[in-house]
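Reading through the structure tokens given below for one structure.
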Amino acid sequence: MRKRAAKKRPLLPDPRFNDQLVTRFVNNLMWDGKKSVAFKVFYDAIDIVEEKKTDDEKTGLEMWKDALSNVMPHVEVRSRRVGGATFQIPMQIRADRKISTAMKWLILYARKRNEKSMAQKLAGEVLAAAKEEGAAVKKRMDTHKMAEANKAFSHFRF
């Protein structure tokens, strides 16, 4: 390897919850560099979650964190060519990749929902994921099933 690995840039914690994870999520949510809009969407979604939630002892932010951990995959399949054939090889995922994958799935499937505003879509997906249902959790289940089905090729790991 000629090039060095890129340095991890420190993220500033968000203004409302003072949490770096929130900033990371908002950076993924943002379109066209509109960070203030993305923050507004996220905070509105958390407020909607706060209103709609059934669990009284948890805050909206805790519900969002639960949803994120429910969406996080633990294994994924990676393609590897061995002697002309391509195999799907199940592999463990690094912690930071788990988080970013979960965030991307949560945002992707929130965008595909049918509610009016992005805040409502995100809130709906967060509430569903916190209850271990919804499209993002289904994606995690499918990824795990795929890894389980290809367990026989795990000896090809690199």
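Counting in full-length UniProt numbering, the final residue of the sequence shown is number 158, and the numbers go up one at a time with none missing. Heads up, the beta-carbon is just placed ideally off N, CA and C, and yes, glycines get one too.
>> Using 8 Å for Cβ pairs, my map puts K34 next to V26. What's the rounded Cβ distance?
In response: The sequence position of residue 34 within the sequence shown is 34, counting from 1. The sequence position of residue 26 within the sequence shown is 26, counting from 1. That belief does not hold up - the Cβ atoms of K34 and V26 are roughly 10 Å apart, past 8 Å.
>> Give me, in chain order, the residues of the same chain whose beta-carbon lies closer than 6 Å to that of K121; leave out the 5 immediate sequence neighbours on both sides.
In response: Position 121 of the sequence shown, counting from 1, holds the residue named residue 121. Counting only Cβ-Cβ distances below 6 Å, and skipping sequence neighbours, we find A110, R113, E115.
> What do you reckon, are the CB atoms on V41 and M118 nearer than 9 Å?
Replying inline: To locate residue 41, count along the sequence shown from 1; it is residue 41. To locate residue 118, count along the sequence shown from 1; it is residue 118. Taking 9 Å as the Cβ cut-off, V41 and M118 qualify as a contacting pair.
> Looking at C-alpha atoms only, which residue of E132, K145, E76, K138 is the closest neighbour of K65?
Replying inline: Residue mapping note: residue 65 aligns to position 65 of the sequence shown, counting from 1. Among E132, K145, E76, K138, the Cα nearest to that of K65 belongs to E132.
>> Under DSSP, the alpha helix (DSSP H) around T86 begins and ends at which residues?
In response: Start at 1 with the first residue of the sequence shown, and residue 86 comes out as number 86. From DSSP, T86 is part of no alpha helix (DSSP H) but of the beta strand (DSSP E) over 85-92.
> Between the Cα of T54 and the Cα atoms of T143, A130, Y43, which residue gives the shortest distance?
Replying inline: The residue you call residue 54 lines up with position 54 of the sequence shown. Taking only the C-alpha atoms, the option nearest T54 is A130.
> Terminal residues of the continuous alpha helix (DSSP H) containing R111?
Replying inline: For this step, residue 111 is matched to residue 111 along the sequence shown. Here the alpha helix (DSSP H) through R111 covers 95-111.
> For the putative contact between W105 and K139, defined by C-beta atoms under 8 Å, what is the C-beta separation to the nearest angstrom?
Replying inline: The sequence position of residue 105 within the sequence shown is 105, counting from 1. The sequence position of residue 139 within the sequence shown is 139, counting from 1. Confirmed, Cβ separation roughly 5 Å.
> Can you tell me where the alpha helix (DSSP H) with S117 in it begins and where it stops?
Replying inline: One-based indexing of the sequence shown puts residue 117 at position 117. Neither: S117 is in no alpha helix (DSSP H) and is coded neither H nor E.
> Where does E51 sit, in a helix, a strand or coil, going by DSSP?
Replying inline: The count along the sequence shown starts at 1 and reaches residue 51 at position 51. Helix at E51.
> Roughly how many angstroms separate the alpha carbons of A149 and P15, rounded to a whole number?
Replying inline: Position 149 of the sequence shown, counted from the first residue, corresponds to residue 149. Position 15 of the sequence shown, counted from the first residue, corresponds to residue 15. About 44 Å.
> Does the Cβ-Cβ distance between T143 and E51 come in under 9 Å?
Replying inline: By 1-based counting over the sequence shown, the position of residue 143 is 143. By 1-based counting over the sequence shown, the position of residue 51 is 51. Their beta carbons are not under 9 Å apart, which means T143 does not touch E51 by this criterion.
>> Can you list, in chain order, the residues of its chain with a C-beta nearer than 8 Å to that of E125? Leave out the 5 residues immediately preceding and following it.
In response: Walking along the sequence shown from the start, residue 125 turns up at place 125. For E125, where only same-chain residues beyond five positions count, the Cβ hits under 8 Å are A67, L106, Y109, A110, R113, G134, A135, A136.
> Between the C-alpha atoms of Q20 and S79, what's the straight-line distance to the nearest angstrom?
Replying inline: Here residue 20 is taken as the residue at index 20 of the sequence shown, counted from 1. Here residue 79 is taken as the residue at index 79 of the sequence shown, counted from 1. Their backbone Cα atoms lie some 32 Å apart in a straight line.
>> Relative to the C-alpha of D44, which candidate in H155, M72, L61 has its C-alpha closest?
In response: Translated into the one-based positions of the sequence shown, residue 44 becomes position 44. Nearest of H155, M72, L61 to D44, Cα basis: L61.
>> Just to confirm my understanding: we take L11, look at its own chain, exclude 5 residues before and 5 after, and list those with CB closer than 8 Å. What are they?
In response: By 1-based counting over the sequence shown, the position of residue 11 is 11. Excluding positions up to five away in sequence, the list reads Q20, T23, R24, N27.
>> Since V49 and A123 should fall inside the 8 Å C-beta cutoff, what is the C-beta to C-beta distance between them, to a whole number of angstroms?
In response: Position 49 of the sequence shown holds residue 49. Position 123 of the sequence shown holds residue 123. Yes, V49 and A123 are in contact; Cβ-Cβ is about 5 Å, under 8 Å.
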